[in-house]
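Asker:
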Amino acid sequence: MATANANAKGARKKEVKKETGLGLTYKKNENFGEWYSEVVVNSEMIEYYDISGCYILRPWTMTIWEVLQTFFDAEIKKMNIKNAYFPLFVTESVLQREKDHIEGFAPEVAWVTKSGQSELEVPIAIRPTSETVMYPYFSKWIRGHRDLPLKLNQWCNVVRWEFSHPTPFIRSREFLWQEGHTAFATQAEADQEVLEILELYRKIYEEFLAIPVVKGRKSELEKFAGGYYTTSVEAFIPNTGRGIQGATSHCLGQNFAKMFQINFENDKGVKAMVWQNSWAYSTRTIGVMVMVHGDDKGLVLPPKVASVQVIVIPVPFKDANTDAIFSACSSTVQALREAGFRAEADLRDNYSPGWKYSHWEMKGVPLRIEIGPKDLANNQVRVVRRDNGAKSDIPMGNLVEKVKEILSSIQECLFNAAKQKRDACIKIVNTWDEFIAALNDKKMILAPWCDEEEVEKDVKARTKGELGAAKSLCTPFDQPRLPEGTLCFASGKPAKKWTYWGRSY
676 MATANANAKG ARKKEVKKET GLGLTYKKNE NFGEWYSEVV VNSEMIEYYD ISGCYILRPW
736 TMTIWEVLQT FFDAEIKKMN IKNAYFPLFV TESVLQREKD HIEGFAPEVA WVTKSGQSEL
796 EVPIAIRPTS ETVMYPYFSK WIRGHRDLPL KLNQWCNVVR WEFSHPTPFI RSREFLWQEG
856 HTAFATQAEA DQEVLEILEL YRKIYEEFLA IPVVKGRKSE LEKFAGGYYT TSVEAFIPNT
916 GRGIQGATSH CLGQNFAKMF QINFENDKGV KAMVWQNSWA YSTRTIGVMV MVHGDDKGLV
976 LPPKVASVQV IVIPVPFKDA NTDAIFSACS STVQALREAG FRAEADLRDN YSPGWKYSHW
1036 EMKGVPLRIE IGPKDLANNQ VRVVRRDNGA KSDIPMGNLV EKVKEILSSI QECLFNAAKQ
1096 KRDACIKIVN TWDEFIAALN DKKMILAPWC DEEEVEKDVK ARTKGELGAA KSLCTPFDQP
1156 RLPEGTLCFA SGKPAKKWTY WGRSY
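The sequence shown begins at 676 in the numbering used here and counts up by one.
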């Protein structure tokens, strides 16, 4: 029997794959675009589809989306927001009811024009967003003040037929999102909800994805088409020197209420129009996470959103008791799962430990546990962090407590490292020459501004080039002191506020 086991081990050993062709061809600091494309495919997050701009979201991605969805859905339910679902299609006549709104989306709208071989009498649009899909029915459902507030959310896909440089997660023709649509009797209620939702978006980025963001208000030029005002959380990608809009929370005012006749009788018996909001975040969140945390080994996942938080890998040596090592790996996973961690063991016997290390590093698993014969003998495990590569030995008796501690540390360290890099990219400027120098240096620029739309248009026109024009990212809620007499960096007129500027995705 011993001979049979030895022969089996020998045969298994010969079959072990040691190739380590899992590395990336491109480096993050040298060719960011190609690096990003490699990471999202090699880490098994997406697969390219045969229609440009459309991507298959693999389970490694969907788990992250589900973690964010679970958090956000629970939070909005506390706010008494209900989930609903509205159709994917909208007629041309309804879509064009709000002129400013549809003009903002017109180039991206996809149309259904045929059924089989027959031309449709009336073309049907595929929703780029659902204001015009939902609001005719808000008008039907809201009659009196007791019908308010009406607060709905839907989890769905939308289609925006991007024609220039689609990028997985960041700019795709179809993507997943949630979109909330609410109606209130007063502006004060609407304003309050805008900020409550924006704070949830900050938590998604900072507390789950470990990405620092700035909360602020969009300029009139950059606000949601047809809306009253737009707030956003803005992230920044140091490697490309570009801002990225993380999520938006809009107060629509009463503009859509006028278009769709969403009226109600208030408590004094007087007819009034509702105040509306809409707000959304999408799978773009996941792309920002890849860009911010990924490195030259692949993906780096924050523990809170990782599909697998801990991967356990057996490291058998010559003449080692392989069965005992594999058994220890399985029992370690069981103990971790019982403690609430998302843990797995890679017990495949046709891959070497080195191959497995590279594989799970590529996939970004936060913590690796290695168990070899020495670990068995000493009743311990070797743990290796994905974020900084630090190694340590942990006694089995303290495993659960230590893993919890390390994962918490990884989450915190990822955020702190990202914030440090982002903060190093922020440049305060006061003049146009300083602005141009900072823009060419790939900075996130904080500048005093006169808050005039024509001046922003002029900034865009004057900075247009191969790398794309600069624009306002947001006016941060947290405003530095603006000394009396401060002038706008672009126009020389009296400045009214500090605003972030830069190139963006």
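Heads up, the beta-carbon is just placed ideally off N, CA and C, and yes, glycines get one too.
These figures come from a predicted structure and were not determined experimentally.
1) Can you tell me which of E1109, W954, F813 puts its alpha carbon nearest to the alpha carbon of L1121?
2) Measuring alpha carbon to alpha carbon, tell me which residue in V797, I1085, T861, V889 is nearest T766.
3) Using a 10 Å radius around the Cβ and a threshold of 16 neighbouring Cβ atoms, would you call W950 buried or exposed?
4) Under a Cβ-count criterion, where at least 16 other Cβ atoms within 10 Å of its own Cβ denotes burial, should M676 be classed as buried or exposed?
5) Which full runs of the alpha helix (DSSP H) of 4+ residues lie inside the stretch 941-984, going along the chain?
6) Quick check: what's the CA-CA separation for S1033 versus F859?
7) Report the rounded CA-to-CA distance for L743 versus S793, giving the unit in angstroms.
8) For the alpha helix (DSSP H) that E750 lies in, which residues bound it at each end?
9) In chain order, what residues of the same chain have a beta carbon less than 7 Å from the beta carbon of F1001, not counting five sequence neighbours either side?
10) Within 10 Å of its beta-carbon, does L827 have 16 or more other beta-carbons around it, so buried, or fewer, so exposed?
11) When we look at the beta-carbon of S839 and count the other beta-carbons within 10 Å, is it buried (16 or more) or exposed?
12) Grab me the residues of L823's own chain with a C-beta within less than 8 Å of its C-beta, minus the 5 sequence neighbours each way, in chain order.
13) Considering only residues of the same chain and omitting the five flanking positions on each side of F764, which have a CB-CB separation below 6 Å?
14) With respect to the alpha helix (DSSP H) encompassing C1004, which residues constitute its N-terminal and C-terminal limits?
15) Report yes if the C-beta distance between A1010 and L1074 is below 8 Å; otherwise report no.
16) In this structure, does DSSP put A1020 in helix, strand or coil?
17) Taking a contact to mean a Cβ-Cβ separation below 8 Å, would you say P887 touches P978 in this structure?
18) Can you give me the C-alpha to C-alpha distance between K684 and V987, rounded to a whole angstrom?
19) Hey, how far is the Cα of P762 from the Cα of A749?
20) Note down the Cα distance separating V769 from N930, rounded to an integer number of angstroms.
21) For E1131, which option in V787, G1029, K893, E1080 has the closest C-alpha, if you only look at C-alpha atoms?
22) Please classify A981: is it buried, with 16 or more other beta-carbons within 10 angstroms of its beta-carbon, or exposed?
23) Under 8 Å, do Y760 and F935 count as touching if we go by C-beta distance?
24) Would DSSP call L1148 helix, strand or coil?
25) Quickly, what does DSSP pair S793 with across the bridge? List them, please.
26) If V963 and A1018 are in contact, beta carbons under 8 Å, what's the gap, nearest whole angstrom?
27) Does the stretch 1095-1109 come close enough to the stretch 1157-1165 that 3 or more CB-CB pairs lie under 8 Å?
28) Taking 8 Å as the cut-off, does the stretch 864-872 touch the stretch 714-730 (at least 3 CB pairs, one atom from each stretch)?
29) Please classify W1176: is it buried, with 16 or more other beta-carbons within 10 angstroms of its beta-carbon, or exposed?
30) Provide the residue span of the beta strand (DSSP E) that contains C831, from first to last.
31) Out of curiosity, what's the CA-to-CA distance linking I1101 and A1113?
32) For V808 and R802, what's the separation of their Cα atoms in angstroms?
33) Give the C-beta separation of E783 and R835 to the nearest angstrom, bearing in mind that I take them to be a contact with Cβ-Cβ under 8 Å.
34) To the nearest angstrom, how far is the alpha carbon of G1015 from that of I1081?
35) How is the alpha helix (DSSP H) around G1029 delimited, first residue to last?
36) Which first and last residues belong to the beta strand (DSSP E) in which F911 is found?
Answerer: Answer, in terms of the structure:
1) As a first step, residue 1121 is located in the sequence shown; it is residue number 446 there, counting from the start. Of the listed residues, the one whose Cα sits closest to L1121 is E1109.
2) Counting from one through the sequence shown, the residue named residue 766 turns up at place 91. Comparing Cα positions, the closest option is V797.
3) On the sequence shown, position 275 is the one that residue 950 refers to. Buried: at least 16 other Cβ atoms inside 10 Å.
4) If you number the sequence shown from 1, residue 676 lands on position 1. Its pLDDT being 35, under 50, M676 is placed unreliably by the model, and nothing is read from it.
5) 959-968
6) Reading the sequence shown from its first residue, position 358 is the one you call residue 1033. Reading the sequence shown from its first residue, position 184 is the one you call residue 859. Going from the Cα of S1033 to the Cα of F859 covers about 53 Å.
7) Translated into positions along the sequence shown, residue 743 becomes position 68. Translated into positions along the sequence shown, residue 793 becomes position 118. Cα to Cα, L743 sits roughly 42 Å from S793.
8) Here the question's residue 750 lines up with position 75 in the sequence shown. E750 -> alpha helix (DSSP H) spans 734-753.
9) The sequence position of residue 1001 within the sequence shown is 326, counting from 1. Excluding sequence neighbours, F1001 sits near P989, L1022.
10) By 1-based counting over the sequence shown, the position of residue 827 is 152. Buried is the call here.
11) For this step, residue 839 is matched to residue 164 along the sequence shown. By the neighbour-count rule (16 or more Cβ atoms within 10 Å), S839 is not buried but exposed.
12) For the purposes of this step, residue 823 is taken as residue 148 along the sequence shown, with counting starting at 1. Correct list, in chain order: I817, A858, F859, A860, F939, V949.
13) Position 89 of the sequence shown, counting from 1, holds the residue named residue 764. Cβ neighbours of F764 beyond the five flanking positions: I799.
14) Residue mapping note: residue 1004 aligns to position 329 of the sequence shown, counting from 1. Note, C1004: alpha helix (DSSP H), 997-1013.
15) Counted from its first residue, the sequence shown places residue 1010 at position 335. Counted from its first residue, the sequence shown places residue 1074 at position 399. Their beta carbons are under 8 Å apart, which means A1010 touches L1074 by this criterion.
16) If you number the sequence shown from 1, residue 1020 lands on position 345. In this structure, A1020 counts as strand in the three-state DSSP scheme.
17) Position 212 of the sequence shown, counting from 1, holds the residue named residue 887. Position 303 of the sequence shown, counting from 1, holds the residue named residue 978. Contact flag unset, no.
18) For the purposes of this step, residue 684 is identified with residue 9 of the sequence shown, where counting begins at 1. For the purposes of this step, residue 987 is identified with residue 312 of the sequence shown, where counting begins at 1. Summary for K684: the model assigns pLDDT 39, below 50, so the residue's position carries little reliability; its value from the coordinates is reported in the next sentence. In a straight line, the C-alpha of K684 is about 21 Å away from that of V987.
19) The residue you call residue 762 lines up with position 87 of the sequence shown. The residue you call residue 749 lines up with position 74 of the sequence shown. Approximately 24 Å, taken between the alpha carbons.
20) Locating residue 769 in the sequence shown gives position 94, counting from the first residue. Locating residue 930 in the sequence shown gives position 255, counting from the first residue. Their Cα atoms are separated by approximately 15 Å.
21) The count along the sequence shown starts at 1 and reaches residue 1131 at position 456. Among V787, G1029, K893, E1080, the Cα nearest to that of E1131 is on K893.
22) The count along the sequence shown starts at 1 and reaches residue 981 at position 306. That one is buried.
23) If you number the sequence shown from 1, residue 760 lands on position 85. If you number the sequence shown from 1, residue 935 lands on position 260. No, they are not a contact pair.
24) The residue you call residue 1148 lines up with position 473 of the sequence shown. In the structure shown, L1148 sits in a strand (DSSP, three-state: E or B).
25) Within the sequence shown, residue 793 is the residue found at index 118, counting from 1. DSSP output for S793 lists S790 as bridge partner(s).
26) Working through the sequence shown from its first residue, we reach residue 963 at position 288. Working through the sequence shown from its first residue, we reach residue 1018 at position 343. Actually they are not in contact, since the Cβ atoms of V963 and A1018 sit about 26 Å apart, beyond 8 Å.
27) yes
28) no
29) Counting from one through the sequence shown, the residue named residue 1176 turns up at place 501. Counting Cβ neighbours within 10 Å, W1176 comes out buried, since at least 16 surround it.
30) Within the sequence shown, the letter at position 156 stands for residue 831. Per DSSP, C831 belongs to the beta strand (DSSP E) from 825-834.
31) One-based indexing of the sequence shown puts residue 1101 at position 426. One-based indexing of the sequence shown puts residue 1113 at position 438. Taking the straight line from one Cα to the other gives about 9 Å.
32) On the sequence shown, residue 808 is found 133 positions in, with the first residue counted as 1. On the sequence shown, residue 802 is found 127 positions in, with the first residue counted as 1. Near 8 Å, if we compare the C-alpha coordinates of R802 and V808.
33) Within the sequence shown, residue 783 is the residue found at index 108, counting from 1. Within the sequence shown, residue 835 is the residue found at index 160, counting from 1. Between R835 and E783 the Cβ distance is about 4 Å, and since that is below 8 Å, they are a contact.
34) Taking the first residue of the sequence shown as position 1, residue 1015 is located at position 340. Taking the first residue of the sequence shown as position 1, residue 1081 is located at position 406. Taking the straight line from one Cα to the other gives about 15 Å.
35) Counting from one through the sequence shown, the residue named residue 1029 turns up at place 354. From DSSP, the alpha helix (DSSP H) with G1029 extends over 1028-1037.
36) Taking the sequence shown and counting its residues from 1, one reaches residue 911 at position 236. First-last of the beta strand (DSSP E) with F911: 904-912.
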